[in-house]
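S.K.:
Numbering (mature numbering (1 follows the signal peptide of the UniProt record, and there is no 0)), first residue to last: -29 to -1, 1 to 83.
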């Protein structure tokens, strides 16, 4: 009876670990790159039309585009860090190790 309860607890722990890993692997995939590329193409077309007017304005537009790119880089910080997910997986393995030892009836001193 005790082994059955331990096996059920181990299975619940494994299911929780798998669910947590799946949630951590989900990444918010915004398709902003396509929109930004379209905006850059439009700005490029406007800059070509305004070449005769002001060269300083074109430089300012390029600086603004670079600022927008920096903002896009900030969005990438929301992604899941692979090292963090690896650390979480190792932590869950270490937590579930005593249950695995009990399931296979392995004693700490090495007797099987």
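Just so it is clear, CB atoms sit at the ideal spot from N, CA and C, and this is done for glycine as well.
All figures in this text were calculated on a predicted structure; none of them were measured in a lab.
Can you tell me which of the three DSSP states residue 75 falls into?
M.R.: coil
S.K.: Rank 73, 72, 57 and 74 by C-alpha distance to the C-alpha of residue -12 and give the top, closest one.
M.R.: Selected option, being the one with the closest Cα: 57.
S.K.: Please confirm whether residue -21 and residue 70 have their CB atoms less than 8 Å apart.
M.R.: Contact check for residue -21 against residue 70 passes: the beta carbons are separated by less than 8 Å.
S.K.: Taking residue -8 as the reference, give the member of 59, 67, 74 and 65 with the closest Cα.
M.R.: 59
S.K.: Going straight from the alpha carbon of residue -27 to that of residue 62, what length do you get?
M.R.: Residue -27 and residue 62: Cα-Cα distance of roughly 24 Å.
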